[in-house]
Structures are given as structure tokens and as C-alpha cells.
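> So in my numbering, spot 46 of the sequence shown is number 39, and the numbers just go up one at a time. In this text, a Cβ means the ideal position worked out from N, Cα and C, and glycines have one as well. Take this structure first; my questions come after.
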Amino acid sequence: MRRALGILIAAVLALCLTACAPPAQPQPPAEGATTVAFYGDSYTRGTGASSSDKRWSTIVCAERGWTEINRAENGLGFVNRRASMGPGLDDIPAQIIRDDPDIVFVTMGLNDNFSYDGAAAEIRAAIDSDLDRLRQGLPGARIVVVEPFWWTADRPASVDVIIGWVRDAADRIGADYIAGASHWLDGHYADDADSWMAGDGLHPDDVGYAHIAERMDAELQALGL
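Written as C-alpha cells, this is what we have:
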């Protein structure tokens, strides 16, 4: 029963991730502005928000005067959806390298939990490969790797395993690492009395994204950003 429920949840999540996000078109950077590229999934794309300016990445950039290049995609993982994204979207790290940003945020890993049982080795290899490529392709950029987000009080063992792989890869390439993000919505999931989740029960609403932005802001200040 538990495995069947997990498959059902994964299917619903994948459907929502591909169908209910606000547009996320990268904007041309303003001359002289700090450009910041985001490599992430629906929690960085802003799925569940009422508009793209309510997502945490846009709030953080607006507060700092940064030009945002949001290349997050629904359902994306280090492995998940990579082969099915189609030309131009199947290699987002390459797009980000071409963007030549000053700062790169990597907020990936949530969706890979749904492939973990059959693709653990591939997930770990892809984490290493993506972060290595970003560091080699953008030697002068500051890379900020965020602990993968999570969306329910139920945490399969794979959540912490993938978090560990992401943290280790970030340390190895000398990236900044923000810990704890998988717990930022604790106590405010869909079944909680004070929920910060959108109507789909899977993604933050405007309140949830505002709280993520607040937590992220504090972490970035600690990093001097």
C-alpha cells in the first residue's frame, strides 16, 4: 500500500509540475547589474504562486537589485525529466554557462527522490557532473548550492541520502552551501492547520514562498550576499 501511494503521489506531482507554473522567461540583464542564474525545479520556478514575482527567487533578486535568469523547470531533477525535456531544455547547465552569470543558485534534488529506487547511482553521478560542469564553465562565478527542498512531513530515507550527495559535491567544488532548506516548510504542509501550501497541496503558496525568501535572505546575508 505504501509503495502504491508513493507511486500515485509521484504521478500527481509530476502532472502538477508540468501543468501549473507561472511563465518563467529569462529577462535580458540590465547593463552593469549582477546577473543571477537559477538551476532548479518547480519550487524555484514558482509553481503554486499567484504570479512569478511572488516566487522566492524573484523576491530575493528584487531586494538586492539583481537581474534574475530563472531556468528552473517543473519536474526537473538531476536525473528526472532530463531526457524528456527536448532540445534546448535537456541541458540547462549548458544554458547557464552560456548565460555567464555572476552568481548561480542550484536548488535541485527533490524530484530525484521519485526515481531513487531504480536510479540512485545515476543521480549521484549526475549531481557530481552538473556541479563540476558549472564550476569548470563558470570559474569566476559564485555558486550557491541549496539543500534540496521537501514538501511533506513524510521523509523517505532517500531525502537525506540525496541531500548528503548534494552537500558533498558542493564542498568538493568550493561552492557556498545552504543547509536546512528541506525543513523550511515544516509544520506548514498541506495537512497542517497553518498550511503555507497552494491548492494543489504540493507547492508553496504566496505565503510559503515569502517565508522561503525570508529564510534564504538570512542565509545569504550570512554568506555576505
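1) Alpha carbon to alpha carbon, what distance is there between Ala215 and Asp169?
2) Could you round the C-beta distance between Trp177 and Arg208 to whole angstroms and report it? I think they count as a contact, below 8 Å.
3) With 16 other CB atoms within 10 Å as the buried threshold, where does Asp185 fall?
4) Pick from Pro132, Val99, Gly25 and Thr145: whose alpha carbon is nearest that of Thr60?
5) Taking Phe31 as the reference, which of Arg48, Lys47 and Val97 has the closest Cα?
6) Within the same chain, show all residues whose beta-carbon is closer than 8 Å to that of Gly201, passing over the 5 residues directly before and after it, in chain order.
7) Counting only runs that start and end within the segment 108 to 178, where is the alpha helix (DSSP H) found for 4 or more residues in a row?
8) Nearest CA to the CA of Ala183: which residue from Trp144, Ile205 and Asp210?
9) Give a yes or no on contact between the segment 148 to 163 and the segment 103 to 114, applying the rule of three or more CB pairs nearer than 8 Å.
10) Indicate whether Arg38 and Glu66 have their beta-carbon atoms separated by less than 8 Å.
On the basis of the supplied data:
1) Here the question's residue 169 lines up with position 176 in the sequence shown. Here the question's residue 215 lines up with position 222 in the sequence shown. Those two C-alpha atoms are separated by around 11 Å.
2) Taking the first residue of the sequence shown as 1, we reach residue 177 at position 184. Taking the first residue of the sequence shown as 1, we reach residue 208 at position 215. Contact between Trp177 and Arg208 holds: their C-beta atoms lie close to 5 Å from each other, under 8 Å.
3) As a first step, residue 185 must be located in the sequence shown, where it is residue number 192. Exposed, because fewer than 16 other Cβ atoms sit within 10 Å of the Cβ of Asp185.
4) For the purposes of this step, residue 60 is taken as the residue at position 67 of the sequence shown. When each option's Cα is compared against that of Thr60, the closest is Gly25.
5) The sequence position of residue 31 within the sequence shown is 38, counting from 1. When each option's Cα is compared against that of Phe31, the closest is Val97.
6) As a first step, residue 201 must be located in the sequence shown, where it is residue number 208. Around Gly201: Gly41, Leu178, His181, Trp189, Met190 and Ala191.
7) 109 to 130 and 150 to 166
8) Position 190 of the sequence shown, counting from 1, holds the residue named residue 183. Among Trp144, Ile205 and Asp210, the Cα nearest to that of Ala183 is on Trp144.
9) yes
10) In the sequence shown, residue 38 corresponds to position 45, counting from 1. In the sequence shown, residue 66 corresponds to position 73, counting from 1. Yes, Cβ-Cβ distance for Arg38 and Glu66 is below 8 Å.
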